[in-house]
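See structure below.
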Amino acid sequence: MTHIRAPKNSNFFQNSFQKSLDFIVSAPPALCAPMKNSTFFFAYSNDLDNSTVLGALREAVAFNMWGLPNRYKFTANIRLDTKTEEEIQYHNDNPFFFNTSVLSLLPDPALGYGDSTTGSNVFSFIQKFLSNKQIPICGSALFIMMKRYPSQTDISPLIAQLRANNVYVYFIAPEVPSGGNSPHLLYEMSSKTNGFCTFVNDKNYTAVVEESIEFMERPFQFMSKKYVVSGSGRLEIPSFITPIPFFVGDAVMAQLTVQDHVVDNNFISLNYTITGVQDGSVAHKFPRDDYFGRRGSGIVDEMILNGTTSYKLTLDYKYASNQQQVIELRMYNQYYHDFPPLSG
């Protein structure tokens, strides 16, 4: 069942900055700004375990209810990879409807494809979401939990639509899929929309889902970088300032991917340090003892940075061969920032 209500104007953030909604299918980026009411799209393969979906749902509802920015005023959910294609469920800003809908549509093996060859229908549903006229598209976050890979060969028109509306696409993908044969398309779409795609094994899948979805708590991306490297070397971001408006520190989330595919033996290590430009003092180092490290191809990290300090980020990488590798970095906080330039 679909639930749509007019948004409540009881929130200072919304009252101050949010005067109207633009319902956009395809529009010039000038009409699409981060301050507009946005949508959180939650999709999950029917091939996943219920516990994985429930863990992600718990985090999503918590962040949507209590996250300070409360950017996502609308939600949508869909169960992927069923024999009979289902309908996307759209909801207003009350997390109750979203929560109830997902709970009523948990994975059910009896509804699945029942084979190991059929590709995921994920791109079909992304297209349907972009064509909807019920809730906003601009600046949406698509958080998609895959178990099957897609089987398409070209998704360029779909990526163009996503980019035109500044839609971020985030994939958590399995190292060993239940079907499909085109994992590179997941990475391509996430990369070109300033999202991320993490390939992870079954053991760490749920943990990565619950760590990665924390971007909802800090939904304003202020840095997006992509590097093509090989062998060993160092990358530097010589100077950056967070959007944090205070002289005190506040939390920043970093998400990195160390390869653009399932991690292989070429990857050896990646570490980075954030220092103050003025005095060289160390603000943050990765890896560190008191925090989880890399899981699969992805790293989710948190740090406290100061809103008035200029920082330098130094990243050291090591791969076993001179084969080209892709490193991507995204950084988020809870304070307004315009959309960073889109990657390639």
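Numbering-wise (full-length UniProt numbering), the sequence shown opens with residue 1 and increments by one.
C-beta atoms are modelled at their ideal positions from N, C-alpha and C, and glycine is treated no differently.
Please state if the CB of Ser178 and the CB of Lys147 are separated by a distance shorter than 8 Å.
The criterion of a C-beta distance shorter than 8 Å is satisfied by Lys147 and Ser178.
So, do the stretch 42 to 60 and the stretch 152 to 161 have three or more beta carbon pairs nearer to each other than 8 Å?
Result no; under three Cβ-Cβ pairs closer than 8 Å.
Sequence ranges, beta strand (DSSP E) only - wholly within the UniProt domain "DUF7154" (226 to 333), length at least 3:
With a minimum length of 3 residues, the continuous beta strand (DSSP E) runs that stay inside the UniProt domain "DUF7154" (226 to 333) are 232 to 240, 249 to 257, 267 to 276, 282 to 286, 298 to 306, 311 to 319, 325 to 333.
Any idea which residues DSSP pairs Ile159 with across the strands?
Within the DSSP bridge table, the entry for Ile159 names no partner.
For the candidate residues His337, Phe98, Phe246, Asp260, whose alpha-carbon lies nearest to that of Val229?
Out of His337, Phe98, Phe246, Asp260, Asp260 has the C-alpha closest to the C-alpha of Val229.
On the criterion of 16 or more Cβ atoms from any shown chain inside 10 Å, does His91 qualify as buried, or is it exposed?
Flag for His91 reads buried.
Taking the alpha-carbon positions, what's the Phe129 to Tyr168 distance?
Straight-line Cα distance between these residues: approximately 13 Å.
The alpha helix (DSSP H) enclosing Phe96, as first and last residue numbers
First-last of the alpha helix (DSSP H) with Phe96: 95 to 103.
How would you write the range of the beta strand (DSSP E) that Thr143 sits in, first residue to last?
Sequence inspection shows Phe at residue 143; the Thr mentioned does not correspond to that position. In this chain, the beta strand (DSSP E) harbouring Phe143 covers 141 to 145.
Cβ pair Asn194, Arg330 closer than 8 Å
Cβ distance < 8 Å, so Asn194 and Arg330 count as in contact.
What separation, rounded to the nearest whole angstrom, lies between the Cα atoms of Gly119 and Ala254?
Between Gly119 and Ala254, the C-alpha separation is close to 31 Å.
How about Thr257 and Glu328: are their beta carbons less than 8 Å apart?
Yes. Within cutoff.
Taking the C-alpha atoms as reference points, what is the distance between Ile159 and Ile137?
When rounded, the distance between both Cα atoms is 14 Å.
Integer-rounded CB distance, given that Glu175 should sit under 8 Å from Val208:
Actually they do not touch by this definition, with Cβ atoms about 11 Å apart.
Inter-residue Cα distance where the pair is Leu68 and Asn333:
Low per-residue confidence applies at Leu68: pLDDT is 45, beneath 50, and the placement is therefore not dependable enough to give any value.
Under the three-state DSSP convention, the category Lys83 falls into:
In the structure shown, Lys83 sits in coil (DSSP, three-state: anything other than H, G, I, E or B).
Over the uninterrupted alpha helix (DSSP H) stretch that includes Tyr168, give me the two end residues.
From DSSP, Tyr168 is part of no alpha helix (DSSP H) but of the beta strand (DSSP E) over 168 to 174.
Starting from Gln127, trace the alpha helix (DSSP H) both ways and give me its first and last residue.
Here the alpha helix (DSSP H) through Gln127 covers 122 to 131.
From the DSSP output, in three-state form, read off Thr117 for me.
In the structure shown, Thr117 falls within a coil segment according to DSSP collapsed to helix, strand and coil.
Three Cβ pairs or more, each shorter than 8 Å: is that satisfied between the stretch 213 to 222 and the stretch 276 to 285?
Because the criterion of three Cβ pairs below 8 Å is not met, the stretch 213 to 222 and the stretch 276 to 285 do not touch.
Suppose the cutoff is 7 Å on Cβ atoms and the five residues either side in sequence are ignored; what does the same chain contact list for Gly231 look like?
Tyr319, Asn322.
My guess is that Lys226 and Ser343 are in contact by the Cβ rule of under 8 Å, so how many angstroms apart are they, rounded?
Correct: roughly 5 Å between the Cβ atoms.
Straight-line CA distance for Asp316 to Phe63?
Their Cα atoms are separated by approximately 33 Å.
Could you have a look at Phe339 and say whether DSSP puts it in helix, strand or coil?
Here Phe339 carries a coil assignment [DSSP, helix/strand/coil].
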